[in-house]
Amino acid sequence: KLGADKASHNLMLSHVPRIFQHTFQVTLQTITTNFEVYPEHRLAFYQLLKNIIDHCFESILAFNEYQTQMVVDSVVWGFRHTERNIAETGMGLFLSMITKYANSPKC
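Residues in the sequence shown are numbered from 11 upward in steps of one, following the numbering used here.
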């Protein structure tokens, strides 16, 4: 389980900005230009986003406005997707994000 103990959780938190910088933006551009190609990348992208939201949400709270907007836009693109499994994942991410934001000190 991602971030199961405090040491690995802290390690993951420190890597999320780097993951975001090197993979998130590039992958997002790739999967949003055409909703039909790269289905395996799309599924892996949303699984990564789910894990970050579920286990490292504090890192998202530290994002700048542009990065935060990219995460929100990604979730919206997910639940608006034509493939049911991606749309359902997007809705789950949306609910999880709203709940976590509501319970965060930033709110």
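We treat Cβ as the ideally placed atom computed from N, Cα and C, and that holds for glycine.
Using the rule of at least 16 other Cβ atoms within 10 Å of the residue's Cβ for burial, across every protein chain shown, is residue i buried or exposed?
{"i": "serine 105", "result": "According to the sequence displayed, residue 105 carries leucine and not serine. Flag for leucine 105 reads exposed."}
{"i": "serine 24", "result": "exposed"}
{"i": "serine 84", "result": "buried"}
{"i": "threonine 42", "result": "exposed"}
{"i": "threonine 99", "result": "buried"}
Going by CA-CA distance only, name the one from the options that's closest to residue i.
{"i": "valine 81", "options": "Gln31, Val47, Arg94", "result": "Gln31"}
{"i": "leucine 21", "options": "Asn44, Thr40, Ser69", "result": "Ser69"}
{"i": "tryptophan 87", "options": "Phe73, Thr109, Lys110, Leu53", "result": "Leu53"}
{"i": "threonine 33", "options": "Tyr56, Val47, Arg94, Asn95", "result": "Tyr56"}
{"i": "valine 47", "options": "Ile29, Gln79, Thr92", "result": "Thr92"}
When the Cα atoms are used, what is the spatial distance from residue i to residue j?
{"i": "methionine 101", "j": "aspartate 64", "result": "14 Å"}
{"i": "isoleucine 62", "j": "serine 114", "result": "15 Å"}
{"i": "valine 36", "j": "asparagine 44", "result": "14 Å"}
{"i": "glutamine 77", "j": "arginine 94", "result": "26 Å"}
{"i": "cysteine 66", "j": "valine 26", "result": "8 Å"}
{"i": "glutamate 50", "j": "methionine 107", "result": "23 Å"}
{"i": "phenylalanine 73", "j": "leucine 103", "result": "17 Å"}
{"i": "alanine 112", "j": "leucine 71", "result": "12 Å"}
{"i": "leucine 59", "j": "arginine 90", "result": "16 Å"}
4 or more residues per run - each alpha helix (DSSP H) lying fully within the region 31–98: 35–43, 49–65, 67–71, 75–89
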